[in-house]
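Under full-length UniProt numbering, the first residue of the sequence shown is numbered 1, with each subsequent residue one higher. The beta-carbon is built from N, C-alpha and C at its ideal position, and this holds for glycine as well. Note that the structure is a prediction, hence the values are computed from the model and not measured.
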Amino acid sequence: MFAGIVFALAAGLMWGLIFVGPLLIPDYPGTLQSAGRYVAFGLVVLPLAWLDRRRLKQLARKDWLEALKLSLVGNLLYYACLASAIQRTGAPISTMIIGTLPVVITVTANLCYGHLEGRLSWRKLFPALLIIAAGLGCVNAAEMQMQGPDFDWSRYLTGLLLAILAVACWTWYPLRNGIWLRAHPQHKAGSWATAQGLVTLPLALVFYLLVCGQLYWQQPEFALPFGPQPTRFLLIMLAIGLICSWLGTLCWNAASQRVPTVIMGPLIVFETLAGLLWTFLWRQSWPPLLTGIGIGCLIVGVIYAMRIKPQPEVSAL
Numbered sequence: 001m002f003a004g005i006v007f008a009l010a011a012g013l014m015w016g017l018i019f020v021g022p023l024l025i026p027d028y029p030g031t032l033q034s035a036g037r038y039v040a041f042g043l044v045v046l047p048l049a050w051l052d053r054r055r056l057k058q059l060a061r062k063d064w065l066e067a068l069k070l071s072l073v074g075n076l077l078y079y080a081c082l083a084s085a086i087q088r089t090g091a092p093i094s095t096m097i098i099g100t101l102p103v104v105i106t107v108t109a110n111l112c113y114g115h116l117e118g119r120l121s122w123r124k125l126f127p128a129l130l131i132i133a134a135g136l137g138c139v140n141a142a143e144m145q146m147q148g149p150d151f152d153w154s155r156y157l158t159g160l161l162l163a164i165l166a167v168a169c170w171t172w173y174p175l176r177n178g179i180w181l182r183a184h185p186q187h188k189a190g191s192w193a194t195a196q197g198l199v200t201l202p203l204a205l206v207f208y209l210l211v212c213g214q215l216y217w218q219q220p221e222f223a224l225p226f227g228p229q230p231t232r233f234l235l236i237m238l239a240i241g242l243i244c245s246w247l248g249t250l251c252w253n254a255a256s257q258r259v260p261t262v263i264m265g266p267l268i269v270f271e272t273l274a275g276l277l278w279t280f281l282w283r284q285s286w287p288p289l290l291t292g293i294g295i296g297c298l299i300v301g302v303i304y305a306m307r308i309k310p311q312p313e314v315s316a317l
């Protein structure tokens, strides 16, 4: 269990970097960043796949299909939504919305697997949800105060919707991924991360070509295929693909094999805290007081929710 928590902490620190990436290249659409990141991820794992080819051959066809579904939803769709949300709302707000994942995943896990692990009491859970909502409200209010008179409400609200879609993607991914890993303990966490990278590569290449086609049609002034800052773009995509995608996934898989599903939810709070840490380091500033209060509410709400013990279901006679 302790090793699993350490692996989850390492994954969170690496995944937190993805909240800064979109801010470093704000002129690039989130869809192009998502495709570029996972093309880099796929290229990074190619030599690793060759070294691990013996274990990868042990995966059945249905395992590869599972990896394909996980990669499509948990990689491409998730990051496209998240990167677009960050560019529209700012990193702190998107990070805080993603920060609700510990509770969302835990609630979902208990609803889906409550007959095995017990269900959470909604009466006990409501105060935690209220505290988290207050935290999100504080961070939103703090970011609003930093906006100028030309604030675009439609862009902001679209960003909030995209962040919520990202939460939906990453609620489904760790639950599904964790179930597969515990059902197949004979497979190494690193091999499964590599398999997901391999199936991601062709998907990401097709996605990249489609996004380039869309940009060529809608924004003919956008320099293709690598944008106005090609060196910067390629280096950022390579770094995120290696550190956040492959190494972060490897650490998360290692944690998923050691920690029960209902506990994995709370551990995702490491990603949120790391994302806020890297964001304010990038801004070279301390969080505003209201943002700090919001972060505190998030942490308190998550800890409160995690202390609620699932109640076993009583079967009807």
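Measure how close the beta-carbons of residue i and residue j come, nearest whole angstrom, since I'm counting them as under 8 Å.
i	j	result
I97	I164	7 Å
N140	A193	Rounded, the Cβ-Cβ distance is 35 Å, inconsistent with contact.
I105	P22	Their Cβ separation, rounded to whole angstroms, is 23 Å, which puts I105 and P22 out of contact at 8 Å.
I18	C244	5 Å
Would residue i and residue j qualify as a contact pair, given that the criterion is a beta-carbon distance under 8 Å?
i	j	result
V39	A204	yes
F7	G241	no
C212	P228	no
G30	A91	no
L101	W180	no
D52	S256	no
C81	L24	no
G4	V259	yes
G275	G36	no
Using the Cβ count rule (16 or more neighbours within 10 Å means buried), how would you classify residue i?
i	result
residue 319	There is simply no residue 319 to check, as the chain begins at 1 and stops at 317 in what is shown.
L13	buried
F2	exposed
E221	exposed
A109	buried
A237	Residue identity differs from the one stated: residue 237 is Met in this sequence, not Ala. By the neighbour-count rule (16 or more Cβ atoms within 10 Å), M237 is buried.
residue 318	Only positions 1 to 317 of the chain appear in the structure, and residue 318 is not among them; the question remains open.
Using the C-alpha atoms, what's the distance from residue j back to residue i?
i	j	result
S34	V302	29 Å
A316	V44	Note that A316 scores a pLDDT of 43, beneath 50, so its modelled location is shaky; the value from the coordinates is reported in the next line. Rounded to whole angstroms, A316 to V44 spans 53 Å at the Cα level.
W246	P47	12 Å
P287	A305	25 Å
G159	E271	19 Å
A134	M144	15 Å
V20	P26	10 Å
L70	K57	19 Å
V103	L175	13 Å
L68	A166	18 Å
T249	G197	10 Å
F126	G99	17 Å
Y78	A142	26 Å
Go to residue i, then tell me how far its alpha helix (DSSP H) extends in each direction, as first and last residue.
i	result
C138	122-145
F2	2-15
D52	That residue, D52, is in no alpha helix (DSSP H); it is neither H nor E in DSSP.
A254	248-256
F280	269-283
Y28	Premise fails: Y28 is in no alpha helix (DSSP H) and is neither H nor E.
Is the shortest distance between the beta-carbon of residue i and the beta-carbons of chain C less than 8 Å?
i	result
K69	Of the chains in the structure shown, none is chain C; there is only one protein chain.
So does residue i have its beta carbon nearer than 7 Å to some heavy atom of the ligand COA?
i	result
L68	No copy of the ligand COA appears in this structure; indeed no ligand is present at all.
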